[in-house]
Amino acid sequence: MPINKPVLLPVLASLASAALVAALTACGAGSSTVQENPDDYPSRELDWTIAFGPGGGNDIMSRTIVEILNKKDLYPADIVVENREGGSGAKGWGHLLSNSGDPYVISSTSGSFITTPLQADTGWTPADFTHIGLFATDDTLFVTPGSSDLTTWEDWVAHAEDEGKVTVGGIGTVNVDYIIQAALAEQAGYKIEYVPFNEEGQLQTALSSGSLDAIVSNPGSIMGQVESGDVNPLLFTGMKRLKALPDVPTGEELGYEDLVSMPRGLILPPDAPDYAREWWITTMKKVVKTDAWQEYLDKNYLTADVRWGDDFTSYLDATGTRFEKELKEQGAI
Numbered sequence: 334m335p336i337n338k339p340v341l342l343p344v345l346a347s348l349a350s351a352a353l354v355a356a357l358t359a360c361g362a363g364s365s366t367v368q369e370n371p372d373d374y375p376s377r378e379l380d381w382t383i384a385f386g387p388g389g390g391n392d393i394m395s396r397t398i399v400e401i402l403n404k405k406d407l408y409p410a411d412i413v414v415e416n417r418e419g420g421s422g423a424k425g426w427g428h429l430l431s432n433s434g435d436p437y438v439i440s441s442t443s444g445s446f447i448t449t450p451l452q453a454d455t456g457w458t459p460a461d462f463t464h465i466g467l468f469a470t471d472d473t474l475f476v477t478p479g480s481s482d483l484t485t486w487e488d489w490v491a492h493a494e495d496e497g498k499v500t501v502g503g504i505g506t507v508n509v510d511y512i513i514q515a516a517l518a519e520q521a522g523y524k525i526e527y528v529p530f531n532e533e534g535q536l537q538t539a540l541s542s543g544s545l546d547a548i549v550s551n552p553g554s555i556m557g558q559v560e561s562g563d564v565n566p567l568l569f570t571g572m573k574r575l576k577a578l579p580d581v582p583t584g585e586e587l588g589y590e591d592l593v594s595m596p597r598g599l600i601l602p603p604d605a606p607d608y609a610r611e612w613w614i615t616t617m618k619k620v621v622k623t624d625a626w627q628e629y630l631d632k633n634y635l636t637a638d639v640r641w642g643d644d645f646t647s648y649l650d651a652t653g654t655r656f657e658k659e660l661k662e663q664g665a666i
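Using my numbering, you'd call the opening residue of the sequence shown number 334 and step up by one each time.
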């Protein structure tokens with residue numbers, strides 16, 4: 334099989350284990366269940382966790398939602414946003430796990446929400462959390478450094494075959510980015526060494542420094558570098574070409590299959606009260622109808638895909654089954 338397992342797996346396992354220990358310790362000290370009259374919810378400061386570093390798609394979506402909530406006066410108290418990156422999301426979502434039952438702790442989701450517990454002992458699965466909704470899916474651009482003479486997909490494949498093995502990167506150890514990189518390599522017939530990152534800035538720095546031959550990144554995170562010429566876009570993993578990049582082919586056009594998308598949604602901790610989930614569903618229905626949200630989708634090249642509550646749960650179940658199948662076929666788990 335022409336694909337190496339992603340490097341730094343011991344790091345992920347260590348971070349995931351640390352997150353689990355922290356969660357269990359916190360749970361042992363007593364969960365953060367908040368007792369209040371459901372009619373008074375929400376009335377307190379909200380702890381908003383972003384499970385990855387600044388600048389990536391997860392970070393951008395979370396901060397966009399918070400900005401809309403504030404501008405539209407949809408949340409009556411302060412919202413404290415914190416990036417708790419580490420362990421391909423294990424640290425951030427472990428924080429939610431440690432606050433089981435607390436309706437004042439919340440987080441956005443990404444592909445790692447599904448894939449990280451498939452690969453590491455996180456102590457949780459997506460089914461453990463309280464699901465608010467899915468809002469959009471996020472595809473990726475495959476790019477090389479702007480200094481590279483590899484400016485087309487055909488150039489890239491020929492180069493990868495000549496090299497014998499190329500070093501590529503993405504966000505997360507065993508995540509959507511890895512699934513895409515592995516699927517492209519396997520179907521095109523070249524070998525990769527995959528290097529995972531927790532933060533978009535580090536990923537892009539590694540590409541520009543020559544440590545990586547290519548990366549995949551969400552368009553909203555990398556388009557500025559495309560426009561400045563700092564990277565060369567070779568392929569888009571979505572179903573249709575981006576209007577902003579009409580000359581960049583899709584993977585489907587080139588005959589590649591099973592190029593998965595990143596799910597962008599919102600969750601509460603395990604055992605959060607029903608009244609809190611219903612409040613968030615009602616409120617987020619208002620958020621996704623705003624002009625600011627549509628501008629966010631357009632600016633970041635996301636595809637709207639809205640599913641609430643139990644429908645989001647069904648989506649997570651089905652997507653988890655698909656991701657697990659892909660990762661097993663690629664030998665990653």
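In this text, a Cβ means the ideal position worked out from N, Cα and C, and glycines have one as well.
This one's a predicted model, so the numbers in the text were calculated from it and none came from an experiment.
Cβ neighbour criterion (16 or more within 10 Å) applied to residue i
{"i": "Q627", "result": "exposed"}
{"i": "M572", "result": "exposed"}
{"i": "K661", "result": "exposed"}
{"i": "L652", "result": "Note on identity: in this sequence residue 652 is Thr, with Leu being the wrong assignment. Buried, since its Cβ has 16 or more Cβ neighbours within 10 Å."}
{"i": "G363", "result": "With a pLDDT of only 39 at G363, under the threshold of 50, the placement of this residue in the model should not be trusted; the figure read from the coordinates follows. It counts as exposed."}
{"i": "T442", "result": "buried"}
{"i": "S647", "result": "exposed"}
{"i": "L659", "result": "The question names Leu, but residue 659 in the sequence shown is Glu. So E659 ends up on the buried side."}
{"i": "P371", "result": "exposed"}
{"i": "E418", "result": "buried"}
Proximity to residue i [Cα-Cα], best of the options
{"i": "G534", "options": "D373, G389, E369, D372", "result": "G389"}
{"i": "P436", "options": "G425, P375, V490", "result": "P375"}
{"i": "D563", "options": "S421, N416, S480, F462", "result": "S480"}
{"i": "P409", "options": "W612, T484, G497, L545", "result": "W612"}
{"i": "K424", "options": "T455, N403, S561", "result": "T455"}
{"i": "Y511", "options": "K498, K632, S550", "result": "S550"}
{"i": "K632", "options": "L575, P459, E400, D580", "result": "L575"}
Sub-8 Å separation of residue i and residue j beta-carbons
{"i": "H464", "j": "I600", "result": "yes"}
{"i": "T473", "j": "T623", "result": "no"}
{"i": "W457", "j": "I412", "result": "no"}
{"i": "I603", "j": "S433", "result": "Correcting the residue identity first, residue 603 is Pro in this sequence and not Ile. Yes, these two residues count as a Cβ contact at 8 Å."}
{"i": "I393", "j": "E415", "result": "no"}
{"i": "G505", "j": "I548", "result": "no"}
{"i": "A665", "j": "Y589", "result": "no"}
{"i": "V507", "j": "Q452", "result": "yes"}
C-beta neighbour in chain D for residue i, strict 8 Å
{"i": "N432", "result": "The structure shown has no chain D; it contains just one protein chain."}
For residue i, the first and last residue of its enclosing alpha helix (DSSP H)
{"i": "W489", "result": "486-496"}
{"i": "M595", "result": "Per DSSP, M595 belongs to no alpha helix (DSSP H); it is in the beta strand (DSSP E), 595-601."}
{"i": "P450", "result": "445-452"}
{"i": "S395", "result": "390-404"}
For residue i, the first and last residue of its enclosing beta strand (DSSP E)
{"i": "E378", "result": "Careful: E378 lies outside any beta strand (DSSP E) and carries neither H nor E."}
{"i": "D638", "result": "636-641"}
Supposed close pair residue i, residue j - CB separation, criterion 8 Å
{"i": "D638", "j": "T448", "result": "At roughly 18 Å, the Cβ-Cβ gap does not stay under 8 Å, so D638 and T448 are not in contact."}
{"i": "R640", "j": "L429", "result": "That pair is no contact at about 20 Å."}
{"i": "Q663", "j": "E526", "result": "Actually they are not in contact, since the Cβ atoms of Q663 and E526 sit about 14 Å apart, beyond 8 Å."}
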